[in-house]
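As structure tokens, the structure follows; a few thoughts come after it.
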Amino acid sequence: MDYNFAEIEKKWQAWWAENQTFRVQTAPGRPKFYVLDMFPYPSGAGLHVGHPLGYIASDIYARFQRLRGFNVLHPMGYDAYGLPAEQYAIQTGQHPEVTTAANIKRYRQQLDKIGFSFDWSREVKTCDPAYYRWTQWAFIRLFNSFYSYEKNKALPVTGLVQAFETSGTDGLQVACGKEESFSADEWRAKSEKEKQETLMNYRLAYLGDMMVNWCAALGTVLANDEVVNGVSLRGGYPVEQKVMRQWCLRVSAYAERLLSGLDAIDWSASLKETQRNWIGKSEGAEIRLAIGSEGKREITVFTTRPDTIFGVTFMVLAPESEWVDALATDAQKAEVTCYVQAAKKRTERDRMSDRTVTGVFSGSYALHPLTGEPLPVWISDYVLAGYGTGAIMAVPAHDSRDYAFAKRFEKELRAQLGGKDPVVPLIEGCDVSSESFDAKEGIMMNSPQAGYPCGLSLNGLDVQEAIARTKEYIEKYDLGRIRVNYRLRDAIFSRQRYWGEPFPVYYDSSGMPQMLPEEVLPLKLPEVDKYLPTDTGEPPLGRADHWAWDSVRNKVAATADIDNKTVFALERNTMPGFAGSSAYYLRYMDPHNEKALVSRENNEYWRSVDLYIGGTEHATGHLIYSRFWNKFLFDLGVVCEDEPFKKLINQGMIQGRSNFVYRIRETNTFVSLNLKDRYDVTPLHVDVNMVSNDALDVDKFRAWRPEFADAEFILEDGKYLCGWAVEKMSKSMYNVVNPDDIVEKYGADTLRMYEMFLGPLEQSKPWDTNGIDGVHRFLKKYWRLFFENGTLAVSDEPATPQELKVLHRLIKKIQTDVENFSFNTSVSAFMIGVNELTELKCRKRAILQPLTTLLSPFAPHICEELWSLLGHAGSIADSVFPEYEEKYTLENRFDYPVSFNGKLRFKKALPLGISAKEIEAAVLNDEQSTKYLEGKTPKKVIVVEGKIVNIVV
RNA sequence: GCCCGGGUGGUGGAAUAGGUAGACACGCAGGACUUAAAAUCCUGUGGGCAGUAAUGUCCGUGCGGGUUCAAUUCCCGCUCCGGGUACCA
Numbered sequence: 018m019d020y021n022f023a024e025i026e027k028k029w030q031a032w033w034a035e036n037q038t039f040r041v042q043t044a045p046g047r048p049k050f051y052v053l054d055m056f057p058y059p060s061g062a063g064l065h066v067g068h069p070l071g072y073i074a075s076d077i078y079a080r081f082q083r084l085r086g087f088n089v090l091h092p093m094g095y096d097a098y099g100l101p102a103e104q105y106a107i108q109t110g111q112h113p114e115v116t117t118a119a120n121i122k123r124y125r126q127q128l129d130k131i132g133f134s135f136d137w138s139r140e141v142k143t144c145d146p147a148y149y150r151w152t153q154w155a156f157i158r159l160f161n162s163f164y165s166y167e168k169n170k171a172l173p174v175t176g177l178v179q180a181f182e183t184s185g186t187d188g189l190q191v192a193c194g195k196e197e198s199f200s201a202d203e204w205r206a207k208s209e210k211e212k213q214e215t216l217m218n219y220r221l222a223y224l225g226d227m228m229v230n231w232c233a234a235l236g237t238v239l240a241n242d243e244v245v246n247g248v249s250l251r252g253g254y255p256v257e258q259k260v261m262r263q264w265c266l267r268v269s270a271y272a273e274r275l276l277s278g279l280d281a282i283d284w285s286a287s288l289k290e291t292q293r294n295w296i297g298k299s300e301g302a303e304i305r306l307a308i309g310s311e312g313k314r315e316i317t318v319f320t321t322r323p324d325t326i327f328g329v330t331f332m333v334l335a336p337e338s339e340w341v342d343a344l345a346t347d348a349q350k351a352e353v354t355c356y357v358q359a360a361k362k363r364t365e366r367d368r369m370s371d372r373t374v375t376g377v378f379s380g381s382y383a384l385h386p387l388t389g390e391p392l393p394v395w396i397s398d399y400v401l402a403g404y405g406t407g408a409i410m411a412v413p414a415h416d417s418r419d420y421a422f423a424k425r426f427e428k429e430l431r432a433q434l435g436g437k438d439p440v441v442p443l444i445e446g447c448d449v450s451s452e453s454f455d456a457k458e459g460i461m462m463n464s465p466q467a468g469y470p471c472g473l474s475l476n477g478l479d480v481q482e483a484i485a486r487t488k489e490y491i492e493k494y495d496l497g498r499i500r501v502n503y504r505l506r507d508a509i510f511s512r513q514r515y516w517g518e519p520f521p522v523y524y525d526s527s528g529m530p531q532m533l534p535e536e537v538l539p540l541k542l543p544e545v546d547k548y549l550p551t552d553t554g555e556p557p558l559g560r561a562d563h564w565a566w567d568s569v570r571n572k573v574a575a576t577a578d579i580d581n582k583t584v585f586a587l588e589r590n591t592m593p594g595f596a597g598s599s600a601y602y603l604r605y606m607d608p609h610n611e612k613a614l615v616s617r618e619n620n621e622y623w624r625s626v627d628l629y630i631g632g633t634e635h636a637t638g639h640l641i642y643s644r645f646w647n648k649f650l651f652d653l654g655v656v657c658e659d660e661p662f663k664k665l666i667n668q669g670m671i672q673g674r675s676n677f678v679y680r681i682r683e684t685n686t687f688v689s690l691n692l693k694d695r696y697d698v699t700p701l702h703v704d705v706n707m708v709s710n711d712a713l714d715v716d717k718f719r720a721w722r723p724e725f726a727d728a729e730f731i732l733e734d735g736k737y738l739c740g741w742a743v744e745k746m747s748k749s750m751y752n753v754v755n756p757d758d759i760v761e762k763y764g765a766d767t768l769r770m771y772e773m774f775l776g777p778l779e780q781s782k783p784w785d786t787n788g789i790d791g792v793h794r795f796l797k798k799y800w801r802l803f804f805e806n807g808t809l810a811v812s813d814e815p816a817t818p819q820e821l822k823v824l825h826r827l828i829k830k831i832q833t834d835v836e837n838f839s840f841n842t843s844v845s846a847f848m849i850g851v852n853e854l855t856e857l858k859c860r861k862r863a864i865l866q867p868l869t870t871l872l873s874p875f876a877p878h879i880c881e882e883l884w885s886l887l888g889h890a891g892s893i894a895d896s897v898f899p900e901y902e903e904k905y906t907l908e909n910r911f912d913y914p915v916s917f918n919g920k921l922r923f924k925k926a927l928p929l930g931i932s933a934k935e936i937e938a939a940v941l942n943d944e945q946s947t948k949y950l951e952g953k954t955p956k957k958v959i960v961v962e963g964k965i966v967n968i969v970v
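The numbers in the working numbering rise by one with no breaks, and the one at position 721 of the first sequence is 738.
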């Protein structure tokens, strides 16, 4: 009986589906385990062989945990909203829903062929109204919440209103856009509209005039993580800075918790590091500087180096800073305006590619807070409006950017400083003649003489002490305050697109946004005639005249105090891609609940994701947003865990391995790889599916394209060898390998094991079909272990110790490997084990049955088949993982009590059972070894394959 | 620039509380079975030198140092490759 993988795999996939083998339910009292993959965006290209890598790993882990007795939640779904479907719709007029549904169907077919143990009854699609209802619901909750730093959690806005009414902003510690202060009386004097506008400054979802990344080509704004190197992540179009009124999420309120939460979760160091950098906490001080001699107006700057205060020789404002207008003197006004205009026109990309130092003098002077000396105030685009206060104190000696600026405008600065050098070094022994000294180390010098004029001297302190001392001083004399700044900005939540979640928002007659009542959710995405923005530049939803309103009108009128005659205007923007993916892991816990995102009961059972597998590309997007979202829901009491993903593994990228043929110039003759240097050739990409072990199938090549039909070949050793290179896997490189083809040729079990065998899970590596034979051979060998002369020949004889040793060593190895996600070495271990059993001609149930259980997470189909051949009913998934016994696994290392005054280096490896005397006699009598053992007692003899190879003292 | 990874045979990769370097697999070479092919199985396979051979011996984990009886593993310096990030004060 041969290993007929096609038949076996079809049979068991159908069996699993029919019996709903992987369907799970909450089971209080039984330990749970939640294994999650990052759900895919179903693109039109289908899956290539790189996509399932993470899914295979998680599936192995899920099946493994199932065998160990855990109640395993292992769901899958689709991140179905996205730009490609919409752009395709714009080009073809096809509704994105139609193409998305088709793509999902195709994905599902491809996934099913690989034999994943997903519980499909819990499938989630972000474009499904039953799902995005809860995205809209969460948005409403965000809108109705603010963040209290005192309680360190989100609270209902009603509480904030109460506080305003009793004591205004007095004593409030809350997250807000811009800081403001008003009394209770002032609050009460505000009109309703004014009150609403004020509250926007505190809501966690708020409408704000934001400097946004506007991408004209895509016709929408983008979040910071969607912009890479000044161009859009999708499509690579230029992005410019622009102020627009947009919905935003106050992610920044959670900066500290997002940062400290990292300590408690098991993620890779590099991913945590990426998030830490993105959050970008920096501790420093805000210092106020008086403007002009009258000292009435003050500018605040932020610095992490208050110790360098005596090196400040000028100030710089961002071009967008609100102080620019006020500080530009009449004489400078024209020049300043010109500069600010020019800076505005520059896109993010221009700013990055062109690092020439530019700037303009405002005409005003600030006063040094300690020495009282005048500091010229400049304007330059190297200062960012969005970070700190949009203004800096420049310390050219100890900041490279300030240094560059000071050198560029040295002449002007010198004149403004009365001839003094703007570069004032403050650290002993530093050389600032050609560059600044940025390091935070050294001993301070050059403070003004003690007692004059401010009484602060930092001389002799090291930098850290000086920072602390200066901070103290600033607080004591009220020159500013100690302050922590974060790089993390609020997330812009509006997209001017069609294919996304509609906001549950309408605008009342005064133009203020109002939330729809939760009862009318979901607000469904309407039909439109075209997917482009309207002629007046409104988002595509502007094309839907009465959209949705008709269906919600009655419900709204019944539940809310809304004037039915008011002309309602629903929000025309839609939500961004990360909206739908921010809480999908919670929905899997209770996917059909119509009353709640997730019930308390289900949430308390499944709690959070125990293992999350996905790519690093989401480090600063999805993985920040969903942590934020989860923490918010945690504050609300909707979920019981503060962090959504306890452990996270990043699978590496699978790159493509392209093949080349070499065409002799001006001919239709192709020359094999190692002969190509003798000719003048041009390399040509050739479809990797026509190549096997780098040898070209010339017939397929001739049939590939008409122009190659009469191609000639110059062979070597009777073969045409192709060259190769590692490139991105893409259609244009002809290096896309489709998992369906592999499954058809070798079977899903081979694909699964080979993807794991390819190398460490977290490492990026090229796909190379060469070598898959080895894994396929292993499975055939495993199959043959059960048969003799074509019939099943598994006996019930007891196993020998030798056979048990093979089994138990393997159990132990697989267990530790799976725990460490070292699946590649597991596959090797299986190969070794099976080779040994083949050699021992072991066909015993006592060995093969547990071994099949052990192998089943990796190669589930063949194992199910063999399992049933052994006479078991039902799925192997219901069986129990075998335990290993120490006595069979400890054959390589053991304690060997010897005492001798010997030397170490052996002339030969020694046999087991040798006496101390014999060991002594066998070792080389050299100086090194003698030194090693001198005066020490050997503790352990390490024996490998029956021979002593080492003595540990 | 800064922060992470990582350099091991022809190839993918094993092995790090320091202890037989190259497991396992691919490829290659030779052999068996076949009219032949496919499939399967067996043997060899880091390099140099010596030997008919078993074998012996020296060199070998990017480069240069160091610690140690012992270094792919630890420390210092350099170099190359990959990833992340960047006027964040």
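Beta carbons: idealized from backbone N, C-alpha and C, even for Gly.
Option in the options with minimal Cα separation from residue i
i: Glu555; options: Arg512, Tyr524, Glu660 and Met529; result: Arg512
i: Thr375; options: Pro391, Val357, Thr388 and His385; result: Val357
i: Gln258; options: Glu273, Arg794 and Ala402; result: Ala402
i: Glu733; options: Leu690, Ser184 and Thr637; result: Leu690
i: Glu452; options: Pro442, Ala281, Ile460 and Gly459; result: Pro442
i: Phe803; options: Lys822, Gly528, Lys858 and Gly517; result: Lys858
i: Arg682; options: Met670, Lys493, Arg674 and Tyr696; result: Tyr696
Contacting residues, own chain, Cβ-Cβ under 6 Å from residue i (five flanking each side not counted)
i: Val835; result: Phe81
i: Val377; result: Glu352, Val353, Tyr356 and Ile396
Residue i in three-state terms, based on DSSP
i: Cys880; result: helix
i: Phe645; result: helix
i: Lys350; result: helix
i: Val915; result: Any reading at Val915 must be qualified, since the residue scores a pLDDT of 33, below 50, and its modelled position is unreliable; no value is offered.
i: Asp448; result: coil
i: Cys265; result: strand
i: Arg498; result: strand
i: Leu70; result: helix
i: Pro519; result: strand
Residue i classed as buried or exposed, judged by whether at least 16 other C-beta atoms fall within 10 angstroms
i: Asp605; result: The question names Asp, yet the displayed sequence has Tyr at residue 605. Result: buried.
i: Cys355; result: exposed
i: Pro519; result: buried
i: Tyr642; result: buried
i: Glu772; result: buried
i: Leu587; result: buried
i: Leu334; result: buried
i: Asp607; result: buried
i: Val245; result: exposed
i: Asp813; result: exposed
Beta-bridge pairing of residue i - partner residues as DSSP gives them
i: Thr317; result: Arg305
i: Asp479; result: Ile460
i: Leu430; result: According to DSSP, Leu430 bridges with nothing at all.
i: Gly225; result: Gln263
i: Ile630; result: Asp54 and Ile666
i: Met410; result: Met332
i: Ile671; result: Lys782
Check: residue i C-beta below 7 Å from any heavy atom of the ligand MG
i: Val244; result: With respect to small molecules bound, the structure shown includes none, and the ligand MG cannot be examined in it.
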